[in-house]
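For reference, the structure is listed below as structure tokens.
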Amino acid sequence: MAHVIRSICIVGGGTAGWLTAGIIAARHRSEDGHGIRITLIESDTIGTVGVGEGTWPTMRTTLKKMGVSETDFFRECNTSFKQGAKFARWVTGDPSDFYYHPLVLPEGFPSLDLASAWMEFAEKRQDAPSFSNAVSYQEAVCELGLAPKLITSPEYAGIANYAYHLDAGRFVSFIRDHCVNRLGVHHVVDDVTRVVRSETGDIAYLETRKSGQLEGDLFIDCSGFRSLLLGETMGVPFVDCSDVLFIDRALAVQVPYDAEDSDIVPHTVSTAQKHGWIWDIGLQSRRGVGYVFSSRHTTADAALGELQAYVGEKPRSLQPREIKIHAGHRRTFWKGNCVAVGLAGGFLEPLEASALVLIELSAEMISGMLPATRETMDIIAKRFNATTQYRWDRIIDFLKLHYILSKREDSRFWIDNRDPASIPDSLKDQIELWRRRAPGDQDFTSNAEMFPAASYQYVLFGMGFRMDTSDREPNRHAGAVEQAFARNESLKIKWTKTLPNNRNLINKIKEFGLQKI
Amino acid sequence: MHLVELSRAEHSGLKINPDLAEASAARQHLIPIVASEFRKAATQYPIVFAKNPETGRFGAFVLNGLEPEENLFWSGTKLDVAYVPLNTRRQPFFVGTADASSGANHGVLCIDIDSPCLTASGQKSIVDADGSDSPYLKEILSIVDELVAGQKQTGSLIDTALSLDLLCPIVLDIVLQDGRTLYAEGLYSIDENRFRSLGKDKVEKLWNEGVMELIYSVIISTGQIPNLIRLRNERESLSRAWRDNEN
Chain A
787 MAHVIRSICI VGGGTAGWLT AGIIAARHRS EDGHGIRITL IESDTIGTVG VGEGTWPTMR
847 TTLKKMGVSE TDFFRECNTS FKQGAKFARW VTGDPSDFYY HPLVLPEGFP SLDLASAWME
907 FAEKRQDAPS FSNAVSYQEA VCELGLAPKL ITSPEYAGIA NYAYHLDAGR FVSFIRDHCV
967 NRLGVHHVVD DVTRVVRSET GDIAYLETRK SGQLEGDLFI DCSGFRSLLL GETMGVPFVD
1027 CSDVLFIDRA LAVQVPYDAE DSDIVPHTVS TAQKHGWIWD IGLQSRRGVG YVFSSRHTTA
1087 DAALGELQAY VGEKPRSLQP REIKIHAGHR RTFWKGNCVA VGLAGGFLEP LEASALVLIE
1147 LSAEMISGML PATRETMDII AKRFNATTQY RWDRIIDFLK LHYILSKRED SRFWIDNRDP
1207 ASIPDSLKDQ IELWRRRAPG DQDFTSNAEM FPAASYQYVL FGMGFRMDTS DREPNRHAGA
1267 VEQAFARNES LKIKWTKTLP NNRNLINKIK EFGLQKI
Chain B
8 MHLVELSRAE HSGLKINPDL AEASAARQHL IPIVASEFRK AATQYPIVFA KNPETGRFGA
68 FVLNGLEPEE NLFWSGTKLD VAYVPLNTRR QPFFVGTADA SSGANHGVLC IDIDSPCLTA
128 SGQKSIVDAD GSDSPYLKEI LSIVDELVAG QKQTGSLIDT ALSLDLLCPI VLDIVLQDGR
188 TLYAEGLYSI DENRFRSLGK DKVEKLWNEG VMELIYSVII STGQIPNLIR LRNERESLSR
248 AWRDNEN
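Written out as structure tokens, the structure is:
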């Protein structure tokens, strides 16, 4: 008789656990109790990592599908808007060196190739605008500290594409309450004392301190770095990626604002340092700042000095928390009846905020592909592993791209990062192609892509990558390209005049709320 | 606009021409209305919901034109329409509301001393010779009372409609006789399909709260949209004829 999948047991109550529970429950629960039963067990003795975090625009869809109100999300999670990232001092290290990776796609993308036209222009003109400024209006909006929408915009709808900055600790409580009270997720607060496997190798049940045995047809490992189920129990080894991405430490601090009404920067700021880079995320009540660095290239004390120089006097009293990072992931992500989501599956430096989006994508995939029976689960596992491996590889390539385009020479950290031996072949191939042709959809043909070709354009041309356009075919869309540049200029004028100050809008959302329609 | 609190002593000498009140609506494509006006308004205008640009909250309005600042009922001297909203008729008086952007305090009757209605040739005063409230002021006060009472009812209609997901955006995508297109966003109406699929208990709730007739007024009033298009086309052909004559 077929073993029908009726229950899912999630281990771990951090962001990964609760988001996964919410995403699956929103799709598979049923009012009459005939849906999939979802249980989440979390320890009240093990803390979460909980630094300020950045999302992708995908979080809007994720929360909407879960039935969360965006207004409540702003009120409860210290939430603010994120319109991409500003990378400072990544190319030369000069104080004036910066570029944007905005979330708004280049005007006319992907049917028009503005990148090649911009490159031809920039080759000829010293005063050419930056790539992101020429093709998108969002850099101008960010530089003025404006929000991506209006108080009259409905929940989750934007004028400019946007994601969020949020307080991870508050976000977990917020999603937990929603899962338990609205989505019928069973919540067990207890410690797992033993994971028991059946003779087939599957996980049969969990032994707990107070709650007896917890059974499940599918177990989801959201236990964080420990990887209790997939790593410790199922024995799936860890694939280290520190030969490509050198960052292995983080020092995180919380920085108060000067005043209650200080501006909230509407994008993530990533400022390159001598041995890594500093993230700076503006929440409503404070900033989250952290230095991620390579301990093979510098000491924690030296890093602390750089961090203090960045934040100034204020947080000297606050003890920075040191977090060890192991860049890499499990060799497979789904084995038997166990699948890992979040840190249990792997971790990379937060340069492009890939942690939360990978949780969303993984949970979404588990939810969408959820096998009907145990007998068909191995087919799904194979697909899940192939897609997830592909996603990790693309993220690693994209993060590495930021390092190999840097021209900094001020430490071994930056020089070593450009060592060809540290660059994945897949990235080397792409770079070869892009020396003569702009990144386009033809370079990214999977339906599991992480970053659109536009993101590569923003980073490549933001960082001064030279593309040889001399052998380019005559542009058959010259008129349309001119129009697109002009359209971008008028959008820039329109939205920098219309969009409100970031903090003002957030205050209004908290006071009046956003409408659902 | 310069609002001051109305004082029967200080403002006793003001001469007011109420006929000029309608001029204040000449460039208003949306005029706020309250629940008690819905029946009368529905016979003349589309009733729509729109968001306050400062708060994002919904209000109820009559739609006078197909573009911002267009009032197709304004003839140049008066509003050529069988029902004029209270919010136009109360001019040049204002009453402060909790979320007013006018600066008037909540519940306080004010007068706009910059209003064109204040004119030496005006026939109306706020007080009679014996110092008592004039019939004109009494009429204004009753309008203001109706507005204040009606606002509460309008608010609860909107809250109820939102809680039942009964509001939906409407987009006016209009081709005029001369081929030009007009596109208006930011307007909302009742979602008729959702309204008709409401369960018995919800329908009964709407009856008990007295909002059923308001909802039907809104639904019926959408039939006035073609009238706005007709007025707009007439206006366009008039101005074309005018130009042709000149040439």
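In order, the protein sequence lines correspond to chains A and B.
In case it helps, the numbering used here puts the first sequence at residues 787 to 1303.
In case it helps, the numbering used here puts the second sequence at residues 8 to 254.
Glycine included, C-beta positions come from ideal geometry on N, C-alpha and C.
Measure from the alpha carbon of residue i to the alpha carbon of each residue in the options, then state which is nearest.
i                  : options                                    : result
VAL854 of chain A  : A:GLN1040, A:GLU925, A:ASP953, A:TYR942    : A:TYR942
PHE1247 of chain A : A:GLU862, A:SER918, A:SER882, A:THR841     : A:SER918
ILE226 of chain B  : B:LEU173, B:GLY186, B:ASN252               : B:LEU173
ILE748 of chain A  : A:LYS1214, A:SER1009, A:SER1071, A:GLY1074 : Given a span of 787 to 1303 for chain A in the structure shown, any question on residue 748 of chain A remains unanswerable.
LEU930 of chain A  : A:GLU1297, A:ILE1295, A:ASN1293, A:TRP1281 : A:TRP1281
LEU1191 of chain A : A:GLU1135, A:GLY1250, A:GLU1108            : A:GLY1250
GLY840 of chain A  : A:ALA1172, A:GLY870, A:LEU849              : A:GLY870
LYS996 of chain A  : A:ASP1047, A:ILE827, A:ASP1196             : A:ILE827
ASP1044 of chain A : A:GLN1070, A:SER1140, A:TYR1176            : A:GLN1070
ASN24 of chain B   : B:GLN160, B:VAL69, B:LEU125, B:VAL151      : B:LEU125
ALA248 of chain B  : B:GLY63, B:ASP121, B:ASP185, B:SER132      : B:ASP185
VAL975 of chain A  : A:ARG983, A:PHE1005, A:ILE796              : A:ILE796
ASP121 of chain B  : B:THR50, B:SER31, B:SER224, B:LEU213       : B:SER31
GLN1301 of chain A : A:LEU805, A:ALA812, A:THR844, A:ASP858     : A:ASP858
SER829 of chain A  : A:ASN1233, A:VAL1041, A:THR994             : A:THR994
Would a check of beta-carbon distances place residue i closer than 7 Å to chain A?
i                 : result
GLY206 of chain B : no
LYS58 of chain B  : yes
THR62 of chain B  : yes
LEU194 of chain B : no
LEU179 of chain B : no
ARG247 of chain B : no
LEU10 of chain B  : no
LEU93 of chain B  : no
LEU174 of chain B : yes
ALA107 of chain B : Annotation note: pLDDT 48 at ALA107 of chain B (below 50); position unreliable, no value reported.
GLY110 of chain B : Confidence at GLY110 of chain B is low in this model, with a pLDDT of 48, below 50, so its placement is unreliable and the value that follows should be read with caution. No, no contact with chain A.
According to DSSP, is residue i helix, strand or coil?
i                  : result
PRO888 of chain A  : strand
VAL41 of chain B   : coil
SER122 of chain B  : coil
LEU1156 of chain A : coil
GLU76 of chain B   : coil
TYR950 of chain A  : strand
TYR223 of chain B  : helix
LEU190 of chain B  : For clarity, residue 190 of chain B is Tyr in the given sequence; the question names Leu instead. Correct three-state label for TYR190 of chain B: strand.
LYS47 of chain B   : helix
ILE1190 of chain A : helix
THR62 of chain B   : coil
ARG255 of chain B  : What the structure shows of chain B is the stretch from 8 to 254, and residue 255 of chain B is not part of that stretch, so it cannot be assessed.
PHE1119 of chain A : coil
LEU70 of chain B   : strand
PHE1298 of chain A : helix
PHE202 of chain B  : helix
Bridge partners of residue i, per DSSP?
i                  : result
CYS175 of chain B  : B:SER196
GLY1041 of chain A : The identity of residue 1041 of chain A in the sequence shown is Val, whereas the question assumes Gly. Looking at the DSSP assignment, VAL1041 of chain A forms a beta bridge with A:ARG1073.
ASN1287 of chain A : A:LEU932
TYR991 of chain A  : A:VAL982, A:GLU1001
ARG1281 of chain A : Note that residue 1281 of chain A is Trp in the sequence shown, not Arg. According to DSSP, TRP1281 of chain A bridges with nothing at all.
THR972 of chain A  : Here residue 972 of chain A turns out to be His, not Thr, going by the sequence shown. HIS972 of chain A pairs with A:THR825.
ILE794 of chain A  : A:ILE824, A:LEU1004
ASP180 of chain B  : B:TYR190
Let me see if you follow: with CB-CB separation under 7 Å, is residue i close to chain B or not?
i                  : result
GLY853 of chain A  : no
GLN1301 of chain A : yes
ILE1067 of chain A : no
ILE824 of chain A  : no
ASP899 of chain A  : no
THR801 of chain A  : no
PHE860 of chain A  : no
ILE727 of chain A  : Any answer about residue 727 of chain A is impossible in this case: the structure gives chain A only from 787 up to 1303.
THR938 of chain A  : yes
PHE1298 of chain A : yes
Alpha helix (DSSP H) segments (min. 4 residues) lying fully within the region 889-913 of chain A: 900-910
Ranges of the beta strand (DSSP E) found wholly within the region 1005-1068 of chain A, counting only runs of at least 3: 1024-1026, 1035-1042, 1054-1058, 1062-1068
Quick one: which unbroken beta strand (DSSP E) runs of 3-plus residues sit fully inside the region 838-881 of chain A? Chain order, please. 838-840, 866-868, 870-874
Suppose only complete runs of 4+ residues qualify. What are the alpha helix (DSSP H) ranges in the region 1200-1247 of chain A, listed by chain order? Fully enclosed alpha helix (DSSP H) runs of 4 or longer: 1211-1220.
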